[in-house]
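Before any comments, here is the structure.
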Amino acid sequence: MNAILRGLKATYNFFAGDAILLIAVALAFLLAFALERASMPNELVAVVFVACIVGGLVTTLARELRGRPRQR
Amino acid sequence: MTAQLWAVFIAAFLASAVEFVEAFTIVLVVGVTINWRSALAGALAATGALAVIVAIFGTALVRFVPIDALRIVVGVLLVLFGLKWLKKAILRYAGLKAMHDEEAIYEEQIAEMRARGEHHQTRVDPFGVATSFKSVLLEGLEVAFIVITFGLQANNSQGAGGAQPNGILIAALGAFCALLLVIGAGALVRAPLQRVPENALKFTVGVMLTTFGTFWGGEGLGIEWWHEDLFLLVLVAFYLAVSLALIAWLRPYAPPKVAPTPEELDNPIASEVTE
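Heads up: the sequence lines are chains A and B, in that order.
Just so you know, we're using this note's numbering here: the first sequence kicks off at 1 and counts up by one.
Just so you know, we're using this note's numbering here: the second sequence kicks off at 1001 and counts up by one.
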């Protein structure tokens, strides 16, 4: 059991290592897939797709600021 | 060679260089601290294992996986790798994370191994072989992944135009050039990497991987990018602009730098290792 958990953890760390990034990327692909299947305009799908990816990066960086006061 | 093949060559070269630099550091540490026989045995064993893995799974990928599914899988993984590197590089440029000083890490690992009583030996040391094997296999797998994914995408784009598909060859050539460069750089300076601007490399690769991942993943989902491959340039510029804006946003939160003591100015590496 320990070996399985270690393997899962190593796989997660290898591919992602950051839960926010993993969720954001998964959300980007799932949302874009759903919108594409619902025959939404191509531009809308593209904007939502890229916005989710950028949103993930911004969110995970914002988390790094938790508890840090502005210095200047 | 077409513009797309050049892009594949450069992307594979840069991404692979980062991986080789990391693997090479560990092999050097094992070689210097334990012995070169153990370091090279581990590295060669890992290279052999990699060759088998790439031969099996590389062929399977090319023959059996449908292109749109492959684009989605590749897109997800490239975006994840790209964002991971980009996040670290942004934090370093903003001053919220220490710059990756490879020489300090090198000296620190040597100090740790010596503290455990490990020293130069002539016989093959299992710990040295395992350490070298593990690092080369892990980083080598990442290189193999980069070469196969970049190469496959170039093949498929070229195949549609009726040209001879040689994307994997070009990507492998890019990775091989990176390997030669890293080995050459390591041979010139005993402790490697200190002169390679690692953060700049990671920042560039992060932007490129995120761009390619977004583009290919979007294609796999059915998104038709404006002006097709030319839209890659728009995506690169967009992610670059976003990253620079994020650095500017984070920089005011960086802790103020403390002026170094006279001892630290005399010996900056030693002072970093002891921290």
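No residue lacks a Cβ here, since even glycine has one placed at the ideal position from N, Cα and C.
Counting only beta-carbon atoms, is residue i nearer than 8 Å to chain A?
i	result
Tyr1253 (chain B)	yes
Pro1126 (chain B)	no
Thr1149 (chain B)	no
Thr1211 (chain B)	no
Thr1002 (chain B)	no
Val1205 (chain B)	no
Ile1146 (chain B)	no
Leu987 (chain B)	Outside the shown range of chain B, which is 1001 to 1275, sits residue 987 (chain B), and nothing can be said about it.
Gly1140 (chain B)	no
Leu1230 (chain B)	no
Leu1083 (chain B)	yes
Asp1223 (chain B)	Here residue 1223 (chain B) turns out to be Ile, not Asp, going by the sequence shown. Chain A contact via Cβ: present.
Decide if residue i is buried, meaning its Cβ has at least 16 other Cβ atoms within 10 Å, or exposed.
i	result
Gly1162 (chain B)	Summary for Gly1162 (chain B): the model assigns pLDDT 48, below 50, so the residue's position carries little reliability, and this model does not support an answer.
Glu1224 (chain B)	exposed
Ser39 (chain A)	exposed
Phe1081 (chain B)	buried
Asp18 (chain A)	buried
Ala1248 (chain B)	exposed
Gln1153 (chain B)	buried
Glu1228 (chain B)	exposed
Val1052 (chain B)	exposed
Leu1180 (chain B)	exposed
Gly7 (chain A)	exposed
Glu43 (chain A)	exposed
I'd like the list of long-range same chain contacts for residue i, defined as Cβ closer than 6 Å, with 5 residues on each side in sequence excluded.
i	result
Val1143 (chain B)	Ser1016, Glu1019, Ala1175
Val1074 (chain B)	Thr1149, Trp1216
Leu1240 (chain B)	Val1207
Leu1246 (chain B)	Ile1090
Thr1131 (chain B)	Val1030
Val1129 (chain B)	Ser1038, Ala1041, Gly1042
Glu1219 (chain B)	Arg1071
Ala1171 (chain B)	Val1008, Ala1012, Val1147, Phe1150, Gly1151
In three-state terms, what does DSSP make of residue i?
i	result
Ser1243 (chain B)	helix
Ile4 (chain A)	helix
Pro1255 (chain B)	coil
Lys9 (chain A)	helix
Leu1096 (chain B)	coil
Arg68 (chain A)	coil
Gln1164 (chain B)	The predicted model places Gln1164 (chain B) with a pLDDT of 47, which falls under 50 and marks its position as unreliable, so this point remains unresolved.
Met40 (chain A)	coil
Ala16 (chain A)	coil
Gly1222 (chain B)	coil
Val1124 (chain B)	coil
Asn1155 (chain B)	helix
Asn1199 (chain B)	helix
Thr1214 (chain B)	helix
If we define contact as Cβ-Cβ less than 8 Å, is residue i a contact residue for chain B?
i	result
Val47 (chain A)	no
Arg6 (chain A)	no
Leu57 (chain A)	yes
Ile23 (chain A)	no
Thr60 (chain A)	yes
Arg68 (chain A)	yes
Ala19 (chain A)	no
Asn2 (chain A)	no
Cys51 (chain A)	Here residue 51 (chain A) is Ala; the residue named in the question, Cys, does not match the sequence. Taking Cβ atoms only, chain B never reaches closer than 8 Å to Ala51 (chain A), which makes this a no.
Ala32 (chain A)	yes
Asn44 (chain A)	Note that residue 44 (chain A) is Leu in the sequence shown here, rather than Asn. Chain B, which has no Cβ nearer than 8 Å to the Cβ of Leu44 (chain A), makes this no.
Leu65 (chain A)	yes
Got a sec? Which residues, its chain only, sit under 7 Å from residue i by beta carbon, not counting five neighbours each side?
i	result
Leu1221 (chain B)	Ile1072
Arg1251 (chain B)	Ala1094, Gly1095
Val48 (chain A)	Leu31, Ala32, Leu35
Ala16 (chain A)	Leu22
Val1079 (chain B)	Thr1210, Gly1213, Thr1214, Gly1217
Ala60 (chain A)	The residue you asked about is not Ala; residue 60 (chain A) is Thr in the sequence shown. Cβ within range, chain order: Asp18, Ile20, Leu21.
Asp1068 (chain B)	Gly1220
Identify, in the order they occur along the chain, each residue of the same chain with its Cβ nearer than 8 Å to the Cβ of residue i, setting aside the five sequence neighbours on each side.
i	result
Trp1085 (chain B)	Val1018, Lys1202, Phe1203, Val1205, Gly1206, Leu1209
Gln71 (chain A)	none
Thr1047 (chain B)	Val1136, Gly1140
Below 8 Å, can you find three or more Cβ-Cβ pairs linking the stretch 1083–1095 of chain B to the stretch 1170–1177 of chain B? no
Touch check for the stretch 1212–1219 of chain B and the stretch 1045–1058 of chain B: three-plus C-beta pairs under 8 Å? no
Segment contact flag, the stretch 22–33 of chain A with the stretch 46–61 of chain A, C-beta cutoff 8 Å, min 3 pairs: yes
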